[in-house]
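Number of protein chains: 2
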Amino acid sequence: MPQLQRLTILDGQRSGSQIQLTESQRHYLGRVLRLREGEQFIAMNGQGQAWLATLQSNPATAELLHAVDLQTELPIALTLLMALPKTGMDDVVRQATEIGVTAIQPILSQRTLLQPSPQKLDRWRRIAQEAAEQSERQFIPEILEPQSWQDALQTWNSHESRCYFCEARGTPPPLLTCLLSDRTALETASSLIVAIGPEGGWTEEELQQAVAAGYQPVSLGARILRSVTAPLVALALVAATIESQRNGKDL
Amino acid sequence: MPQLQRLTILDGQRSGSQIQLTESQRHYLGRVLRLREGEQFIAMNGQGQAWLATLQSNPATAELLHAVDLQTELPIALTLLMALPKTGMDDVVRQATEIGVTAIQPILSQRTLLQPSPQKLDRWRRIAQEAAEQSERQFIPEILEPQSWQDALQTWNSHESRCYFCEARGTPPPLLTCLLSDRTALETASSLIVAIGPEGGWTEEELQQAVAAGYQPVSLGARILRSVTAPLVALALVAATIESQRNGKDL
C-alpha cells in the first residue's frame, strides 16, 4: 500500500486496536490530507511497526485494521557524524533521512561556529519525523545531542563499526572505491559511520584523532562540495552499496 | 592553488593579459572578498580555461599572470534531464553543479505543473555560475531551455549516450548495480544521461517512450526520495563511478 499517507503515533496513543488522535493529528488527517470517515492511512510508531488504519466516525479516533509489513530500511545501522554547518542543517536532516540514515550525531568541531539551541534540536527531530513519513520509512532517525569530536570518537569508532572520514582536500582514496573493496567486511558489519566536516574543513588534529580511532579517510571527488551537499553524496554512495549488496544484486 | 577565490569572466573582458572588470565584479572582489591591489584570485572563463590573476592599482582592471591547469571536471559529459519540481529547482541546480553535471535540461513532463519564466532560467544560470566557482570547477553547466519529454528523447538518447531513467516505484534494478555492470561501456562512452521525474512520478506512457529511446529504468533504493533529492543521489552515484573508474581506481 505504498500510496497511502503516513502518520506517526506514539505507543501511548494506542489501546488495543484503537488510536486516540491528538488535535494536530486530527487537523492533519482531516484538513490537510482531507481523509474522511472510513478512509485509510498507515499508522507507524517510528520504531519499525506499522498498521493499516482507518478513520472512525468519532473524528478523535482511528482503528488499526492489521499490521503491515513494510521493508524500506537499510539492512545496516548508518550514522552520520555531522560537524554543524552555519546554515543548511534542516536540509541535511531532511535529505539524510530520505536516504536512510539511522542516526544523526551533530558534532561541535574546532571550526564549528554555532552551538545549537534546544529549539533547533526539536526542530530537526520534527523534520526527521516528517521526512521519515514522506519517504515511507519505518524508523525515524534519532537526532542526538551535539558532542565534541573527541567525545564522538569515544562513542563512534572502529571497535563496533566501519568508519569513514570525508576530507574535501588532500588525496585520500574515493569513498566508493573503499566501500567496494570493503564489501566483505560490510557483508557482516552491523553499523557504518560517515563523518563530514564543517565549512572550513577538519583541522589536522581532528584528522589525526579520527585515524587513531580507526577511521578511513576518503574523498568525495575532485570538486569541492559545500558542507550541506557532502553528507548527501556520501550517504547516497553508502546506501546504494549496502542495499545492492545485501539484496543480492551483483556489485 | 585551491584556496584562491574564483571569478568567472567573459572572453570579451580579456585583452591580452588584462581583464576589464565589471562594476559588480569590482564590488565582489573589493567589498565582498576584500581583495586589495596585488592580491590574487583565479579568473575562469567557464569553458575550461583558468588563469592566476592579480588586482591592479586601477580597481577596474586585473592582470592575468599565467594559465593554471586545474582538473576537477568529470571525464565524461553528464546531463541531468529534470522534470521541473514545484519547488526546489534552485537547490537542484546548485547541488547538481557541485556534483559535476555538464548540462541540466529542464523537462516539461505530463505531471509537471509549472512552465518556468525566463527570469527563472536566468536565475538558475546565475546559481550554476556561482556554484561552479565555489566548487572549483572549470566549466559552468549549461541550463537549457525547457523541453517536452518527447522532444528531449529526440535530443538525448542512446544513439549517443548511456541513458538511465529513475523510477521511484516499480522494481527496476538499482542504479549502482547497472553502472557497475555497464563499466566496460562507460569506459569509452562520451556522454551519460540521467532522467528524474516530477513529484507525481512519470506516467506509464513516458516510461514506455524512454524505454523505446534506449533508456535503462533504474531504482534509487527502497525509500521514496523527494524529487529534489533524487537527482543528487543519482548524480552522486554516477559521478563516483565514473571518476573512480577513469582515474584507474579499482572498482
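From first to last, the protein sequence lines stand for chains D and H.
Per our numbering, the first sequence starts with residue 1, numbered consecutively.
Per our numbering, the second sequence starts with residue 1001, numbered consecutively.
The beta carbon of each residue, even a glycine, is placed where N, CA and C say it ideally should be.
Treat the numbers as computed from the prediction; the structure is a model and nothing was measured.
Between which two residues does the alpha helix (DSSP H) containing residue i stretch?
{"i": "Val218/D", "result": "Segment 216–219 is the beta strand (DSSP E) holding Val218/D; no alpha helix (DSSP H) there."}
{"i": "Leu1207/H", "result": "1204–1212"}
{"i": "Arg1006/H", "result": "From DSSP, Arg1006/H is part of no alpha helix (DSSP H) but of the beta strand (DSSP E) over 1006–1008."}
{"i": "Ala1096/H", "result": "1089–1099"}
{"i": "Gln40/D", "result": "Element bounds for Gln40/D: not the alpha helix (DSSP H) but the beta strand (DSSP E), 40–44."}
{"i": "Gln1003/H", "result": "Per DSSP, Gln1003/H belongs to no alpha helix (DSSP H) and is neither H nor E."}
{"i": "Glu23/D", "result": "23–27"}
Could you check whether residue j and residue i sit closer than 8 Å to each other, using their CB atoms as the reference points?
{"i": "Gln1138/H", "j": "Ala1050/H", "result": "yes"}
{"i": "Gln110/D", "j": "Cys163/D", "result": "no"}
{"i": "Ala1213/H", "j": "Ser1161/H", "result": "no"}
{"i": "Leu1029/H", "j": "Gln1040/H", "result": "no"}
{"i": "Ala60/D", "j": "Ile9/D", "result": "no"}
{"i": "Leu35/D", "j": "Leu55/D", "result": "yes"}
{"i": "Leu969/H", "j": "Thr1102/H", "result": "No answer is possible for residue 969/H: it lies beyond the span of chain H, which begins at 1001 and ends at 1251."}
{"i": "Leu1081/H", "j": "Leu1114/H", "result": "no"}
{"i": "Leu153/D", "j": "Ile104/D", "result": "no"}
{"i": "Lys132/D", "j": "Gly46/D", "result": "Checking the sequence, you will find Ala at residue 132/D rather than Lys. Yes. Within cutoff."}
{"i": "Ile76/D", "j": "Leu237/D", "result": "no"}
{"i": "Gly221/D", "j": "Ala1185/H", "result": "no"}
{"i": "Leu1232/H", "j": "Leu232/D", "result": "yes"}
{"i": "Leu180/D", "j": "Thr229/D", "result": "no"}
{"i": "Pro1118/H", "j": "Ala1128/H", "result": "no"}
Nearest to residue i by alpha carbon, out of the options?
{"i": "Ala1062/H", "options": "Leu1080/H, Leu1207/H, Gly1016/H", "result": "Gly1016/H"}
{"i": "Lys1086/H", "options": "Ala1152/H, Leu1065/H, Pro1198/H", "result": "Pro1198/H"}
{"i": "Leu108/D", "options": "Leu186/D, Gln147/D, Ala77/D, Ala60/D", "result": "Gln147/D"}
{"i": "Pro116/D", "options": "Pro75/D, Ser57/D, Gln20/D, Gly88/D", "result": "Gly88/D"}
{"i": "Arg126/D", "options": "Arg94/D, Ile99/D, Gln150/D, Ser57/D", "result": "Arg94/D"}
{"i": "Val1068/H", "options": "Glu1136/H, Leu1176/H, Val1233/H, Ile1140/H", "result": "Glu1136/H"}
{"i": "Arg169/D", "options": "Gln119/D, Glu204/D, Ala128/D", "result": "Glu204/D"}
{"i": "Thr1155/H", "options": "Thr1241/H, Gln1018/H, Ala1210/H, Leu1065/H", "result": "Ala1210/H"}
{"i": "Gly38/D", "options": "Glu206/D, Cys178/D, Leu64/D, Ser191/D", "result": "Leu64/D"}
{"i": "Gly201/D", "options": "Phe165/D, Lys120/D, Ser57/D", "result": "Phe165/D"}
{"i": "Asp151/D", "options": "Arg26/D, Trp124/D, Arg14/D, Pro106/D", "result": "Pro106/D"}
{"i": "Leu1225/H", "options": "Arg31/D, Thr72/D, Leu225/D", "result": "Thr72/D"}
Using the beta-carbon count (16 or more within 10 Å), is residue i buried or exposed?
{"i": "Gly12/D", "result": "exposed"}
{"i": "Arg1097/H", "result": "It should be pointed out that residue 1097/H corresponds to Thr in this sequence rather than to Arg. Thr1097/H is buried by the Cβ-count criterion."}
{"i": "Thr1112/H", "result": "buried"}
{"i": "Asp91/D", "result": "buried"}
{"i": "Arg1254/H", "result": "Given that chain H is displayed from residue 1001 to residue 1251, the structure contains no residue 1254/H and the question cannot be resolved."}
{"i": "Val1194/H", "result": "buried"}
{"i": "Glu167/D", "result": "buried"}
{"i": "Ser335/D", "result": "Coverage of chain D is limited to positions 1 through 251, which leaves residue 335/D absent and any answer about it impossible."}
{"i": "Arg1223/H", "result": "buried"}
{"i": "Ser1219/H", "result": "buried"}
{"i": "Ser1024/H", "result": "exposed"}
{"i": "Gly256/D", "result": "Residue 256/D lies beyond the stretch modelled for chain D, which goes from 1 to 251, so this question has no answer here."}
{"i": "Ser1190/H", "result": "exposed"}
{"i": "Pro174/D", "result": "buried"}
{"i": "Glu1206/H", "result": "buried"}
{"i": "Pro2/D", "result": "Legend: pLDDT at Pro2/D = 43, less than 50; position of this residue unreliable, value from coordinates given subsequently. Per the 10 Å Cβ criterion, exposed."}
{"i": "Thr1177/H", "result": "buried"}
{"i": "Ser1057/H", "result": "exposed"}
On the DSSP letters alone, give me the boundaries of the beta strand (DSSP E) that residue i sits inside.
{"i": "Leu1064/H", "result": "1061–1067"}
{"i": "Ser1191/H", "result": "1191–1196"}
{"i": "Thr79/D", "result": "77–83"}
{"i": "Thr1054/H", "result": "1050–1055"}
{"i": "Gln1018/H", "result": "1018–1020"}
Can you determine whether any heavy atom of the ligand COA sits closer than 7 Å to the C-beta of residue i, and answer yes or no?
{"i": "His159/D", "result": "Ligands are entirely absent from the displayed structure, and the ligand COA is therefore not among its contents."}
Closer than 8 Å by beta-carbon distance: list the chain B residues that pair up with residue i, in chain order.
{"i": "Gly1221/H", "result": "Within the model displayed, chain B is absent; protein chains D and H are what it includes."}
Run through the stretch 108–192 of chain D for me and flag every whole beta strand (DSSP E) of 3 or more residues, listed as ranges in chain order.
For the stretch 108–192 of chain D, whole beta strand (DSSP E) runs of length 3 or above, ordered along the chain, are 162–167.
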